[in-house]
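One rule links them: number in my numbering = place in the sequence shown (from 1) + 563.
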Amino acid sequence: MPAFCQHLNIAYPIIQAPMAGTATPALAAAVSNAGALGSISIAAVAADAGRAMIRQVREATARPFNVNVFCHRPTVPNPEVEQAWLKHLEPFFTELGAPTPGGLEDIYTSFYHDDAQLQVLLDERPAVVSFHLGLPPQARIDALKDAGITLFASATCLEEALRVQAAGIDYVVAQGIEAGGHRGVFDAEASDSQLPTRALVQALVAGLDIPVIAAGGLMDGADIAAMLALGAVAGQLGTAFLLCPESAASALYREQLASPRAAHTALTRVISGRPARGLVNRFMQAVGAPGHPEVPGFGIAYDAGKQLIAAAAKAGNGEFAAHWAGQQASRARAMPAAQLVQALNEEWLRA
């Protein structure tokens, strides 16, 4: 059994990515029960709701699982930027028959400063806690380590990964440019090297002393085997699990993933305020057309984005949805999570 699996007491070097809003407790439990590492994210919910999610997973599995939090620096409001953004969005709200919001709020908490979220994790003590969008203050890392929790953190380049290692994190998740959802960049305003998963894994395996988990564009067991051959200790897959019945993906989301549209993804920051990869739609192309005004910060832009998405859904228009997905989305398979884990393991062993 691989050392990674022995450390976490799981059967296979396979991790289901903690896709906020889409990875349900039922999905995580099914994956963990099947021998891989299931994951949820409590990044988009209040602390009490996060505690309830963790307990829902526990009710359905006695196996280890991962709980993900966002660690971005809190967004600084900028009323001038926010009002200009709302003015930019006004024609879209009008077209959809909805009023334009009068103001915006930061709808995302961050583990960077959320004491209640820290207390939940210390109380519940999941086997794994993973950090995304940066690192929290060292005292929070140390508190989780002292509680006996294994820690993961995402990195998109060697510089970020070295900071992960220096902080005492157990495993670094190498998030390649192919990955769906939000880029794990520590600084959304800095230049992004946009390394593909293969190159990133190679760079991190060569440059670090801590183990590397590969993430981004992995869809089957052969992809996992290729990453293990490069020195990664496990593969993390998100988009591959979207069509599982246990995921929270909507009917429209599933329909588009099973259509030719799944072959076309792009990075955008106009939906949430941070770079994220999803299926190309009108939100990305029209709202994000060249010449648009400055996008507000993460969480604040997402307040506007979610309100526009809700207005579109109410009007029966699916062209504004945030359907996050990786570059290999067209290879997603519709099957129960446990069956997918078994298929991934068999494919990995064959490869």
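In this text, a Cβ means the ideal position worked out from N, Cα and C, and glycines have one as well.
Within 10 angstroms of its Cβ, does residue i collect 16 or more other Cβ (buried), or is it exposed?
i      : result
Asp669 : buried
Asn629 : buried
Glu916 : Since the first residue of the chain shown is 564 and the last is 914, residue 916 is not available in this structure.
Asp677 : buried
Gln682 : exposed
Ala580 : buried
Asp783 : buried
Glu645 : buried
Gly665 : exposed
Glu809 : buried
Leu686 : Per the sequence shown, residue 686 should be read as Asp rather than Leu. It is exposed - the Cβ of Asp686 has fewer than 16 other Cβ atoms within 10 Å.
Ala599 : buried
Enumerate in chain order the residues of its own chain whose CB-to-CB distance from residue i is below 6 Å, with the five nearest sequence positions on each side excluded.
i      : result
Tyr816 : His886
Asn844 : Glu882
Ala830 : At residue 830 the sequence reads Leu, which differs from the Ala that was named. Excluding residues within five positions, the ones whose Cβ falls inside 6 Å are Pro838 and Arg840.
Ala888 : Gly743, Thr802, Thr828, Gly841 and Leu842
Tyr734 : Phe715, Pro774 and Ile776
Gln891 : Gly780 and Met782
Ser595 : Gly601, Thr624, Arg626 and Phe628
Measure the Cβ-Cβ separation of residue i and residue j and say whether it is below 9 Å.
i      : j      : result
Ala788 : Trp911 : yes
Ile578 : Leu800 : yes
Ala710 : Ser693 : no
Ala742 : Gly779 : yes
Val736 : Gly744 : no
Gln738 : Leu721 : no
Val796 : Pro565 : yes
Ala895 : Leu806 : yes
Ile740 : Gln765 : no
Val632 : Gly601 : no
Ala597 : Ala900 : yes
Arg761 : Leu793 : yes
Thr587 : Ala811 : yes
Ala610 : Ala690 : no
Phe846 : Ala814 : no
Gly798 : Pro654 : no
Ala914 : Ala785 : yes
Does DSSP put residue i in a helix, in a strand, or in coil?
i      : result
His651 : helix
Val843 : coil
His635 : coil
His695 : strand
Asn629 : strand
Gly584 : coil
His827 : coil
Thr802 : helix
Ile872 : helix
Thr657 : helix
Phe715 : strand
Val775 : strand
Ser602 : strand
Val735 : strand
His745 : strand
Ile617 : helix
Ile704 : helix
Gln890 : coil
Ile863 : helix
Ala797 : strand
Asp579 : Note on identity: in this sequence residue 579 is Gln, with Asp being the wrong assignment. Correct three-state label for Gln579: strand.
Glu668 : coil
Asp709 : helix
Below 7 Å CB to CB, which residues in the same chain sit around residue i once its five sequence neighbours on both sides are set aside?
i      : result
Ser893 : Ala825 and Ala826
Pro699 : Cys634, Phe674 and Tyr675
Ala730 : Leu698, Gln701 and Ile704
Glu909 : Gly784
Is the closest heavy atom of the ligand ZN to the C-beta of residue i under 8 Å?
i      : result
Gly889 : Ligands displayed in this structure: none; no statement on the ligand ZN is therefore possible.
Leaving out five residues before and five after residue i in sequence, what residues of the same chain have Cβ atoms less than 8 Å from its Cβ?
i      : result
Tyr865 : Ile670, Tyr671, Ile834, Ser835 and Gly836
Ala878 : Leu659, Gly660 and Ala661
Glu818 : none
His651 : Val850, His855 and Pro856
Gln728 : Val735, Leu771, Asp772 and Ile773
Gly584 : Ser604, Ala607 and Ala811
Met898 : Leu806, Cys807 and Ala906
Arg688 : Ala710, Gly711 and Ile712
Pro759 : Gly739, Ile740, Glu741, Gly779 and Gly780
Subject >> Stretch pair the stretch 892-911 + the stretch 872-881: three plus CB contacts closer than 8 Å >> reply: no
Original post:
Looking at C-beta atoms only, is the number of pairs between the stretch 825-835 and the stretch 850-869 that lie closer than 8 Å three or more?
Top reply: yes
**OP:** Count the CB pairs spanning the stretch 751-766 and the stretch 701-708 that are closer than 8 Å, and state whether there are at least three.
**Re:** no
Original post:
When the Cβ atoms of the stretch 631-638 are set against those of the stretch 854-862, are three or more pairs found closer than 8 Å?
Top reply: yes
Original post:
At a cut of 8 Å, does the stretch 597-605 reach the stretch 614-621 through at least three beta carbon pairs?
Top reply: yes
**OP:** Determine contact between the stretch 583-592 and the stretch 565-574, defined as no fewer than three beta-carbon pairs at a distance below 8 Å.
**Re:** no
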